[in-house]
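Asker: Chains A and B, in that order, give the protein sequences.
If you're matching positions, the first sequence starts at 0 in numbering that gives the first Met the number 0 and goes up one per residue.
If you're matching positions, the second sequence starts at 0 in numbering that gives the first Met the number 0 and goes up one per residue.
First the structure, then my questions, so here it is.
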Amino acid sequence: MNYTFDFSSIAIGPLLDGLFVTIQLTLAANVIGIVAGFVLALLLMSPFAIVRVPFMLFVEFFRCTPAIIQVVWFFYCVPMLLDVFLDPLMMGILALGLNLTAFNAEAYRASIQGVPREQRDAGIALGLNPLQRIRYIILPTAFRESIPVLLTNGIGIFQQSALVAIVAIQDLMYEGKTLATATYRPIETFTVVALIYFAVSFPVSQVVGLIERRRALAAA
Amino acid sequence: MDLDFTIVLRYYDALLIGLWTTVQLTMVCIALGCALGFVTALGRTSKNFALRAITGTYVELFRGTPVLIQLFWIFFCLPLILGVELSNFISATIALTLYMGAISSETFRASLKSVGSEQLDACIALGLPRSVQIRNIIMPQAVLRAVPTLLSNCVSLFKESALVSAVGMADLMFVGQNISNNIARPVEVLTVVAIIYFVIAFPITRAVTFVERRMLIRLAI
Chain A
0 MNYTFDFSSI
10 AIGPLLDGLF
20 VTIQLTLAAN
30 VIGIVAGFVL
40 ALLLMSPFAI
50 VRVPFMLFVE
60 FFRCTPAIIQ
70 VVWFFYCVPM
80 LLDVFLDPLM
90 MGILALGLNL
100 TAFNAEAYRA
110 SIQGVPREQR
120 DAGIALGLNP
130 LQRIRYIILP
140 TAFRESIPVL
150 LTNGIGIFQQ
160 SALVAIVAIQ
170 DLMYEGKTLA
180 TATYRPIETF
190 TVVALIYFAV
200 SFPVSQVVGL
210 IERRRALAAA
Chain B
0 MDLDFTIVLR
10 YYDALLIGLW
20 TTVQLTMVCI
30 ALGCALGFVT
40 ALGRTSKNFA
50 LRAITGTYVE
60 LFRGTPVLIQ
70 LFWIFFCLPL
80 ILGVELSNFI
90 SATIALTLYM
100 GAISSETFRA
110 SLKSVGSEQL
120 DACIALGLPR
130 SVQIRNIIMP
140 QAVLRAVPTL
150 LSNCVSLFKE
160 SALVSAVGMA
170 DLMFVGQNIS
180 NNIARPVEVL
190 TVVAIIYFVI
200 AFPITRAVTF
210 VERRMLIRLA
220 I
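Dropping the structure here:
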């Protein structure tokens, strides 16, 4: 191999701008995913098939198609079908947010099912209405139980957010591609970009591992 | 606006060719990735520090970065480093195999852990060599227990394979986008492409649930 590395031509400024956009996307999508995911999980457990089935389809559709086609679909089809023209960043947030909602709903569903039956019965015995039972009994326990999976999904969406570069949102990946073409230094640029992504997601995945280990210890 | 889904039918052969590329790529990467994943999992549980460090770094790097950047890196940088031209299919295979290897190694690691330590003790007591321990005792149990998660990994890989369209490989996604750009009917074409992906991935996710419920209980492991 006779390639000389030259990291000096890589402007870190645009990359940081891109990282900022990526983080904005990730955080906004996570807010949508964490809130709407819980509501969706409750709807998925509804006793009425007419409520349950459409939302089940929604979840399965997001879980069984590539994220890239969801993003592209959103960008091309939502404006045409609904006649709404949103800012590209908003569009990206919506596409990623809905994707995350579907994945988080499954996580919440598992932990809602894990809330002991007696606690729900106690809620009924205390005369709490269904909304209060959700608010004071199910939500706190289920949320705490879901945290590791929510974090894993959240960091997954951070990585998936690189897809929006394909529809020309100027995130970290997009800035990296531009820089690689402008400087003719793809190896250096893509390596730096990959390391930036890694530097953000690795600590979070370590935190998830830590929480899981502590829980395993507490359970033992 | 008026939608006309019959227009997509005219391009069914092109879409089928794209789908065939996607399926081929996925199959090859599943086979290679599972093998790589198993070896990596053995490496991560080995006593040798260097082996653990190398496999650990590999897994964390590939799990901690977007697949898109892995693809870009291998498409643009690997040929420069190796000094040989790689075909699209080879580059995509390398990238997705490495990705599949990384996620599957975590699956195998968990299933290796679940093989009871008494069994290893029994192997030692019986004086079995390491290769026999792995091939006849550990591998069959670990692989069986890993099946449900491996199937989920296959679905992930199938979905992630759509990313190769971004580096210009003519898979289902790429063909779909091309057609939709050419006939200016994104709603119909992209929806059909999404449905094709769904039709393949959905039964596999159901199979995961089935395997978990039935097979593992029947085998009582």
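Glycine included, each C-beta is placed from N, C-alpha and C at the ideal position.
Is Pro46(A) helix, strand or coil by DSSP?
Answerer: What you label residue 46(A) is simply residue 47 of the first sequence in a count that begins at 1. Pro46(A): coil per DSSP, three-state reduction.
Asker: Quick one: is Pro147(B) near chain A, going by C-beta distance under 8 Å?
Answerer: The count along the second sequence starts at 1 and reaches residue 147(B) at position 148. No, Pro147(B) does not count as interfacial toward chain A.
Asker: If we ignore side chains and look at the alpha-carbon of each, how far apart do Leu18(A) and Ser160(A) end up?
Answerer: Translated into positions along the first sequence, residue 18(A) becomes position 19. Translated into positions along the first sequence, residue 160(A) becomes position 161. In a straight line, the C-alpha of Leu18(A) is about 11 Å away from that of Ser160(A).
Asker: Quick one: give me the first and last residue of the alpha helix (DSSP H) that Thr64(B) is part of.
Answerer: Walking along the second sequence from the start, residue 64(B) turns up at place 65. Where Thr64(B) is concerned, there is no enclosing alpha helix (DSSP H), given that its DSSP letter is neither H nor E.
Asker: Straight-line CA distance for Ile68(B) to Pro185(A)?
Answerer: To locate residue 68(B), count along the second sequence from 1; it is residue 69. To locate residue 185(A), count along the first sequence from 1; it is residue 186. If I take the Cα positions, the gap works out to 11 Å.
Asker: Decide if Glu117(B) is buried, meaning its Cβ has at least 16 other Cβ atoms within 10 Å, or exposed.
Answerer: Mapped onto the second sequence, residue 117(B) falls at position 118. Exposed, since its Cβ has fewer than 16 Cβ neighbours within 10 Å.
Asker: Starting from the C-beta of Cys122(B), find all residues in its chain whose C-beta is less than 6 Å away, skip the five residues before and the five after it, and write them out in chain order.
Answerer: The residue given as residue 122(B) occupies position 123 in the second sequence. Result list for Cys122(B): Gln132, Ile136, in chain order.
Asker: What are the residues in the stretch 71 to 84 of chain B lying within 7 Å of chain A by C-beta distance?
Answerer: Residues Phe71, Trp72, Phe75, Cys76, Leu79, Ile80, Gly82.
Asker: What is the C-beta distance between Phe37(B) and Phe189(A), in whole angstroms, given that I count them as a contact (C-beta under 8 Å)?
Answerer: Start at 1 with the first residue of the second sequence, and residue 37(B) comes out as number 38. Start at 1 with the first residue of the first sequence, and residue 189(A) comes out as number 190. Actually they are not in contact, since the Cβ atoms of Phe37(B) and Phe189(A) sit about 29 Å apart, beyond 8 Å.
Asker: Ignore the nearest five residues each way along the sequence and tell me which others in Thr92(B)'s own chain have a CB closer than 8 Å to its CB.
Answerer: Residue numbering aside, residue 92(B) sits at position 93 when the second sequence is read from its first letter. Excluding residues within five positions, the ones whose Cβ falls inside 8 Å are Leu24, Val27, Cys28, Leu31.
Asker: Beta carbons nearer than 8 Å to chain B: which residues of the stretch 34 to 66 of chain A have them?
Answerer: If the cut-off is 8 Å between Cβ atoms, the stretch 34 to 66 of chain A has Glu59, Phe60, Arg62, Cys63, Thr64, Pro65, Ala66 near chain B.
Asker: Of the residues that make up the stretch 134 to 165 of chain B, which ones have a beta carbon closer than 9 Å to any beta carbon in chain A?
Answerer: Cβ contacts with chain A come from Val154, Phe157, Lys158, Glu159, Ser160, Ala161, Leu162, Ser164, Ala165.
Asker: Are Asp42(A) and Val50(A) close, meaning C-beta to C-beta below 8 Å?
Answerer: Here the question's residue 42(A) lines up with position 43 in the first sequence. Here the question's residue 50(A) lines up with position 51 in the first sequence. At residue 42(A) the sequence reads Leu, which differs from the Asp that was named. Cβ atoms of Leu42(A) and Val50(A): closer than 8 Å.
Asker: Counting beta carbon pairs with one atom in the stretch 107 to 115 of chain B and one in the stretch 176 to 184 of chain B, are three or more of them shorter than 8 Å?
Answerer: The stretch 176 to 184 of chain B vs the stretch 107 to 115 of chain B: no contact.
Asker: Please report whether the beta-carbon of Phe197(B) lies at a distance below 8 Å from any beta-carbon of chain A.
Answerer: Translated into positions along the second sequence, residue 197(B) becomes position 198. So, interface residue.
Asker: By DSSP, does Gln169(A) sit in helix, in strand, or in coil?
Answerer: Your numbering for residue 169(A) matches position 170 in the first sequence. Coil.
Asker: Report the option in Arg213(A), Gly122(A), Val163(A) whose CA atom is closest to the CA atom of Pro65(B).
Answerer: As a working mapping, residue 65(B) is identified with position 66 in the second sequence. With distances taken between Cα atoms, Pro65(B) lies closest to Val163(A).
Asker: Rounded to a whole number of angstroms, what is the C-alpha to C-alpha distance between Asn87(B) and Val192(B)?
Answerer: Within the second sequence, the letter at position 88 stands for residue 87(B). Within the second sequence, the letter at position 193 stands for residue 192(B). The alpha-carbon atoms of Asn87(B) and Val192(B) are separated by roughly 22 Å.
Asker: Cβ closer than 9 Å: which chain A residues qualify as neighbours of Met172(B)?
Answerer: Counted from its first residue, the second sequence places residue 172(B) at position 173. Those are Pro65, Ile67, Ile68, Val71, listed as they occur along chain A.
Asker: Which one of Leu81(A), Thr25(A), Gly32(A) has the shortest CA to CA distance from Val186(B)?
Answerer: As a working mapping, residue 186(B) is identified with position 187 in the second sequence. Minimum Cα distance to Val186(B) is reached at Leu81(A).
Asker: Nearest to Ala101(B) by CA position, among Ile53(B), Pro78(B), Leu15(B), is which residue?
Answerer: Taking the second sequence and counting its residues from 1, the one referred to as residue 101(B) is at position 102. For Ala101(B), the nearest C-alpha among the options comes from Ile53(B).
Asker: Chain A partners of Leu18(B), CB-CB under 9 Å?
Answerer: The residue given as residue 18(B) occupies position 19 in the second sequence. Simply none; closest approach about 13 Å.
Asker: What does the alpha-carbon distance come out to for the pair Arg144(B) and Ala200(B)?
Answerer: Here residue 144(B) is taken as the residue at index 145 of the second sequence, counted from 1. Here residue 200(B) is taken as the residue at index 201 of the second sequence, counted from 1. One C-alpha to the other measures close to 21 Å.
Asker: Excluding the five sequence neighbours on either side, which residues of its own chain have a C-beta within less than 7 Å of the C-beta of Val188(B), listed in chain order?
Answerer: Residue numbering aside, residue 188(B) sits at position 189 when the second sequence is read from its first letter. Around Val188(B): Val7, Gly175, Ile178, Ser179.
Asker: For the alpha helix (DSSP H) containing Gly126(B), name the first residue and the last one.
Answerer: Mapped onto the second sequence, residue 126(B) falls at position 127. Counting along the chain, Gly126(B) falls outside any alpha helix (DSSP H), and DSSP gives it neither H nor E.
Asker: The alpha helix (DSSP H) spanning Phe74(A) covers which residue range?
Answerer: Position 75 of the first sequence holds residue 74(A). 66 to 81 is the span of the alpha helix (DSSP H), which, as asked, contains Phe74(A).
Asker: Relative to the C-alpha of Phe227(A), which residue among Leu26(A), Thr3(A), Pro78(A) is closest?
Answerer: Residue numbering for chain A in the displayed model covers 0 to 219; residue 227(A) lies beyond these limits and cannot be assessed.
Asker: If we define contact as Cβ-Cβ less than 8 Å, is Thr64(B) a contact residue for chain A?
Answerer: Translated into the one-based positions of the second sequence, residue 64(B) becomes position 65. Interface residue, yes.
Asker: Buried or exposed, going by whether 16 or more other CB atoms sit within 10 Å of the CB of Tyr135(A)?
Answerer: Along the first sequence, one-based indexing puts residue 135(A) at 136. Label assigned to Tyr135(A): exposed.
Asker: Would you say the stretch 70 to 80 of chain A touches the stretch 47 to 61 of chain A, given that touching needs at least three Cβ pairs under 8 Å?
Answerer: The stretch 70 to 80 of chain A is not in contact with the stretch 47 to 61 of chain A.
Asker: Report yes if the CB atom of Val154(B) is closer than 8 Å to the CB atom of Thr204(B), and no otherwise.
Answerer: Position 155 of the second sequence, counted from the first residue, corresponds to residue 154(B). Position 205 of the second sequence, counted from the first residue, corresponds to residue 204(B). Contact: yes.
Asker: Curious, which full-length alpha helix (DSSP H) runs of at least 4 residues does the stretch 112 to 163 of chain B contain?
Answerer: Taking only runs of at least 4 residues, the alpha helix (DSSP H) segments lying wholly in the stretch 112 to 163 of chain B are 116 to 125, 138 to 159.
Asker: Quick check: the Cα distance between Ala181(A) and Gly12(A), rounded to an integer number of angstroms?
Answerer: Taking the first sequence and counting its residues from 1, one reaches residue 181(A) at position 182. Taking the first sequence and counting its residues from 1, one reaches residue 12(A) at position 13. Ala181(A) and Gly12(A): Cα-Cα distance of roughly 14 Å.
Asker: Taking contact to mean at least 3 C-beta pairs separated by less than 8 Å, is the stretch 171 to 178 of chain A in contact with the stretch 188 to 204 of chain A?
Answerer: Segments in contact, yes.
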